[in-house]
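These notes are about the structure you will find just below.
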Amino acid sequence: MDNLEKIDKDYILHTYNRDHIHFTHGENAKIYDNNGKMYIDFTSGIGVNSLGHNNKNLVEAISSQASKLLHLSNIFLIEPQAKLAKKLVELSTYKMRVFFSNSGLEANECAIKIARKYGESTNRFEIITLKNSFHGRSIATLKACGQDKMHKHFAPFPDGFLYAENIYDAINLAKKRKNVIAIMIELIQGEGGIYAMPKEEVKSLEYFCKNNDVLLIVDEVQSGIYRSGEFLASNIYKITPDVITLAKGLGGGIPIGATMTNKIDIFETSDHGSTFGGNFLSSVAGLCVLDTLESFKKSNKLNANIEYFSEQLEQICNNNKKIFIDVSGIGFMRGIKTKNDNLVSMVIKKAKENQVLILKSGNATLRFLPPITITQEEIKIGFKRLQNALNEINQDI
Ligand SMILES: Cc1ncc(COP(=O)(O)O)c(C=O)c1O
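Positions 4 to 400 (our numbering) are the ones given, in order, by the sequence shown.
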């Protein structure tokens, strides 16, 4: 065990199943370990490094901001924060206002608070989420996760969360109860197996919510910021949510969360707050990410690269039918279902040995979250290496 591994083991709480590759630097979708070995990154820090690694625009934006002001406090005007909020609202096409925090769970906490305050006058407080959903790891957002395994160890949890098998079930549950104030969903479930909600179900949910004064909260922490190919997955589904939450890809690696809502006057002073949320550094990073990806989208490169990635993904699925069942997801948020749980771990391990990084989602799905700026050359190398890994597995099974 080298020294770094030992220090990590001795001093860090063991909440992660740590991989001991020691990465030192990167360039877009290529990352290098301390021996100089290059890996293709199909994970982008679990959907965070939207501009890949060492993006020149982002490096320049945050370095230049660092030499002026990193942080003051939300008691003062913060120019890049105001500009970032305006940009988010304009790109979303919705009439909303924004609250900034630092992470996905915080964005969702804020969404829950919006719902609770909105329901206060009619005594409605229940929030329905879906089985297999994932919304974060604070006490409230853990309870908001529909997965039973999330509700161990940390009780008592806050009341008022109900779970539905699917969207139609959520609508039926809301009809039966008097106190439902919100239904919260991921349009493409990230941790729950890369499952894209069927469009007609989502439209029915929007219709139900609008007609029953129930808030539609869409957790776009993973699916937002062009990961789906559009700015928001909500844009693809052609819906108008009441609350949208964002984080991960927004800062390109600098922590930032955002909660957008059309209930623009819901909060009064001190109803909510955050020390760090939307400070100079993270807001400048967010603006740079949005400007860069907006141009990338307009140039049509994003669509072309997603198409190329999809072709490669389908091909790898079809050529390895002993291992895979089918592909799922939208844009650059993609999955391949494997025949069983063991195969997922085996593919991830072999892929790593072949220098390509892939994630797991749910029980038996491989998850691909490449940088949004990944090039076709990087995609090609990644899938070639993945096929080499699969050849080794095909020989063994
Ligand atoms: C859909 C979704 N919501 C919320 C979260 C929580 O985000 P964070 O880890 O930034 O708190 C995640 C993280 O994976 C997520 O995928």
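Beta carbons: idealized from backbone N, C-alpha and C, even for Gly.
For this session: Report yes if the C-beta distance between Ile188 and Ala118 is below 9 Å; otherwise report no.
Result: no
Problem set entry | Boundaries (first-last residue) of the alpha helix (DSSP H) holding Lys89 | Glu82 to Ser95
Exercise. What are the start and end residues of each continuous beta strand (DSSP E) run of 3 or more residues lying completely inside the region 157 to 236, in chain order?
Worked result: 164 to 167, 183 to 188 and 218 to 222
For this session: Select from Asp245, Leu293 and Val205 the residue whose C-alpha is nearest the C-alpha of Cys113.
Result: Asp245
Problem set entry | Assigned secondary structure, Ile384 (DSSP; H/G/I helix, E/B strand, else coil) | helix
Problem set entry | According to DSSP, residues forming a beta bridge with Gly260 | Ser104
Exercise. How many whole angstroms separate the CB atoms of Phe26 and Ile15, which I take to be in contact at a CB cut-off of 8 Å?
Worked result: Contact flag wrong, Cβ pair sits at about 17 Å.
Problem set entry | C-alpha distance - Ser273 paired with Pro374, whole-angstrom precision | 37 Å
Exercise. For Phe335 versus Ile319, is the C-beta distance shorter than 9 Å?
Worked result: no
Exercise. Can the beta-carbon of Ser136 be found closer than 9 Å to that of Gly149?
Worked result: yes
For this session: Indicate, with yes or no, if ligand 1 has a heavy atom lying under 8 Å from the CB of Asn282.
Result: no
For this session: Taking Ile377 as part of the alpha helix (DSSP H), name the residues at either end of that continuous run.
Result: Ile377 -> no alpha helix (DSSP H), and no H or E assigned at all.
For this session: Taking only heavy atoms of ligand 1 into account, decide whether any of them is closer than 8 Å to the Cβ of Phe137.
Result: yes
For this session: Using the Cα positions of Val224 and Ile239, report the straight-line distance between them to the nearest angstrom.
Result: 16 Å
Problem set entry | Phe45, enclosing alpha helix (DSSP H) - first and last residue | No alpha helix (DSSP H) holds Phe45; DSSP gives it neither H nor E.
For this session: Kindly indicate which residue of Ile24, Ser66, Lys120 and Leu145 has the alpha-carbon position closest to the one of Ile269.
Result: Lys120
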